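Peer 1: Just so we're aligned: 98 in the UniProt record's numbering is position 98 of the sequence shown, and the numbers increase by one with no gaps anywhere. Virtual Cβ for every residue (Gly too), placed ideally from N, Cα, C. Everything numeric in this text was worked out from a predicted model, so none of it was measured.
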Amino acid sequence: MLDLLPRLRRMARVLARDPADADDLTQLTLERALTRRDQWREGTRQDSWMFRIMRNAWIDESRSRARRGRVLAPPEAGANAADPAAQTLDSRLALTAVEAALDALPEDQRTAVALVLIEGLSYQEAADSLEIPMGTLTSRLARGRTALQAALIDQGARP
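Pasting the structure below:
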């Protein structure tokens, strides 16, 4: 499980869009996985299982926030914040462009892109994690890739 932590945090950032919320979501995912470890079946990929837990936890959290009427800071509030891990200005600008393009995608496309292109899950594993048919995942992924490429070209970045 500890080996999956960086990937879980990355996926949480895609879902939550806020570093603090992403950390909370990662922690909640780990807690649920540990308390429900008896539900994991031998032969099932642990990363797919945990991504499903994370997605369901995020859906629960989003619904809870909507009921409480909580409002998150808009994505534009963090658009100008630099990533201290980036080595150069060019890499920071490219990363910002990619993050902005990814954030602009609808949630279903953003999640599909993150699972397949960022996390490296197979189409079948991603479809299973999202509990959707393979054709639906393929469609979301194709639309997400096209939108990302168009957004990056519009921003002058290389896709």
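Find the nearest neighbour of A101 within the set T35, Q149, A142 and S64, judged by alpha-carbon distance.
Peer 2: Q149
Peer 1: Which of helix, strand or coil does DSSP assign to R70?
Peer 2: Since pLDDT at R70 reaches only 47, below the 50 mark, its modelled position is unreliable, and the value read off the structure follows with that caveat. Of the three classes helix, strand and coil, the one that applies to R70 here is coil, per DSSP.
Peer 1: Would the segment 53-64 count as touching the segment 14-28 if we require 3 or more Cβ pairs under 8 Å?
Peer 2: yes
Peer 1: Is the distance from the Cβ of S64 to the Cβ of E125 below 7 Å?
Peer 2: Result no, Cβ atoms of S64 and E125 do not sit closer than 7 Å.
Peer 1: At the level of alpha carbons, what is the spacing between T44 and A97?
Peer 2: So the alpha carbons of these two residues sit roughly 35 Å apart.
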